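With positions in the sequence shown counted from 1, the corresponding number in this note's numbering is that position plus 1130. Single-structure report; data block below.
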Amino acid sequence: MANKKLAVAKDAKKDEFYTQLSDIEREARHYRNFFKGKVVLCNCDDPFESNFFKYFALNFNSLGLKKLIATCYATSPIIYTQLTLFGNEVVTVKEESTKKPYKIEISEVTDENQDGRVDLADVEYLLKNHKNALTLLQYDGDFRSAECIELLKQADVVVTNPPFSLFKEYVAQLVEYEKSFIIIGNQNAITYKEIFPLLKDNKMWLGYGFKGNVGFFLSPYEDYAVSSHHKEGLIRISGVMWFTNIDIEKRHEDMILFKTYNPDEYPKYETFDGIDVRETQNIPCDYYGVMGVPKTYMNKYNPEQFELLGYEREDENIQVGISNMPEEFLQAYRTQGGTGHYTKGMKMLCYYDKDGKAKIPFSRILIKRKQV
Ligand SMILES: C[S@@+](CC[C@H](N)C(=O)[O-])C[C@H]1O[C@@H](n2cnc3c(N)ncnc32)[C@H](O)[C@@H]1O
């Protein structure tokens, strides 16, 4: 299997996960009307490797794009590898680096090879024969470099799967330049202190997403998924989501609530005036106080239905009044076999369940109903 060959990537930051065309298609179809007349930038995308480039090049005319720009990062840890845009999607190892930082700008896709249809062969023809479509970048293609920022300024919308390790910086730059975006990120990002305020202030939300928040990516890394989850040639990543700031229908849809509140099933927190809801689908329909819900609730978030208040840890950006964990709670927690680096000085959500067991829930978002 090709991805096992790549020892070169082992010690590097793990950023090489290539998105499948089918996943891009599944998300992008919800934004079809948005793209008309827009300049699309894919700025973490080697056009010869990236299915983002492929998707927008193939759909250039049907989406009515004004321009497509893609830039490639030179110092990729898999610089000796190449996926192929025009052939089978496999990771292969090349003898020497062919990867130079370059950009591709396309303002039209016509029937270049005159075979009676406009398809990927025309894009290939265009790249090979129109010298000004593909040009070398001066620097390394880092999305933060001055020349890439100049391209960002030209763009209306940025669509890509950026490096996971630089997600905060990546989003901060999009926000700074006031760009529309549809990007892939990890669900952990929801409670990054730089990201949560954007969700809370309705400057960013989740897209339609991956089934079960699990994505399969083309990647040079070893796949540790159990065999029933393994897909040959792909790597399984759980907790992947699309983040966007483009309005979509989903975010105006009310979540259907069918459970009713009872204190046994929804224990009160010891350190906060609110109740714990273990599963998003069980949010009670008749509770109007603050509720702690799992992060995956964000997939259902409709700002007209619920207000986002904060998340499980007290942070200087989002202070909702979680108090320090009491000593006796921590003692009970440890006595019951609870582990983790908790101290009584921590402002954490915690509760006693209906059997009197001390519990510290994993990662909660605090929400409150808006409509009565
Ligand atoms: C998660 S991969 C996704 C690649 C591609 N967007 C896709 O979805 O198929 C992120 C890509 O960003 C590249 N990258 C890493 N650091 C970067 C930087 N500072 N600027 C631009 N690209 C970078 C990585 O080399 C990697 O190819």
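Even for Gly, the Cβ is constructed at its ideal location relative to N, Cα and C. Predicted model, so just to flag it, every value in this text is computed and none were measured.
The beta carbons of residue 1367 and residue 1347 sit closer together than 8 Å.
If you check the C-beta of residue 1181 against ligand 1, you find a heavy atom less than 7 Å away. With a threshold of 16 other beta carbon atoms within 10 Å, residue 1173 meets it and is buried.
In this structure, residue 1425 lies near residue 1495, with their beta-carbon atoms less than 8 Å apart. With contacts defined as CB atoms closer than 8 Å, residue 1385 and residue 1430 qualify as a contacting pair. DSSP places residue 1344 within a strand segment (E or B) once states are collapsed to three. With the rule of 3 Cβ pairs closer than 8 Å, the region 1256-1265 does not count as touching the region 1299-1311. Residue state for residue 1428 is assigned as helix, using DSSP reduced to three classes.
By the neighbour-count criterion, in which 16 or more other beta carbons inside 10 Å mark a residue as buried, residue 1317 falls on the buried side.
Check the Cα spacing between residue 1195 and each of 1170, 1176, 1201 and 1202: the tightest is with 1170.
In the three-state scheme derived from DSSP, where H, G and I count as helix and E and B as strand, residue 1311 is classed as strand. Under the three-state reduction of DSSP output, residue 1301 falls in the helix class. In terms of Cβ geometry, residue 1498 and residue 1436 form a close pair [threshold 8 Å]. Distance from the CA of residue 1274 to the CA of residue 1200, rounded to the nearest whole angstrom, comes to 14 Å. In the DSSP secondary-structure assignment, residue 1494 is bridged to 1424. For residue 1265, the secondary structure class from DSSP, reduced to helix, strand or coil, is strand.
Between the alpha carbons of residue 1327 and residue 1433 lies a gap of roughly 14 Å. The Cβ atoms of residue 1474 and residue 1454 sit closer than 8 Å to each other. When DSSP states are grouped into helix, strand and coil, residue 1278 belongs to the helix group.
Within the model, the alpha-carbon separation for residue 1383 versus residue 1333 is close to 18 Å.
Under the Cβ criterion (8 Å, minimum of three pairs), the region 1453-1467 counts as touching the region 1390-1410. Within 10 angstroms of the beta-carbon of residue 1300 lie 16 or more other beta-carbons, which makes it buried. A residue is called buried once 16 or more other Cβ atoms fall within 10 Å of its Cβ, and residue 1276, having fewer, is exposed. Taken from the Cβ of residue 1149, at least one heavy atom of ligand 1 lies inside 7 Å. Shown here, residue 1409 sits in coil according to DSSP, grouped into three states, outside any helix or strand.
Residue 1448 holds the alpha-carbon nearest to the alpha-carbon of residue 1323 among 1167, 1448 and 1469. Residue 1375 holds the alpha-carbon nearest to the alpha-carbon of residue 1331 among 1319, 1338 and 1375. Apart from sequence neighbours up to five positions away, the residues of its chain that approach residue 1197 with a beta-carbon distance below 6 Å are 1169 and 1237, ordered along the chain.
Within the chosen limit of 7 Å, ligand 1 reaches the beta carbon of residue 1273 through at least one heavy atom. Under DSSP, residue 1287 takes part in a beta bridge, and its partners are 1170 and 1310. By a beta-carbon distance limit of 8 Å, residue 1148 contacts residue 1349. Their separation comes to about 7 Å. Annotated as distal: residue 1203 and residue 1315, with beta-carbon spacing of 8 Å or more. The C-beta of residue 1427 has 16 or more other C-beta atoms within 10 Å across all chains shown, which makes the residue buried.
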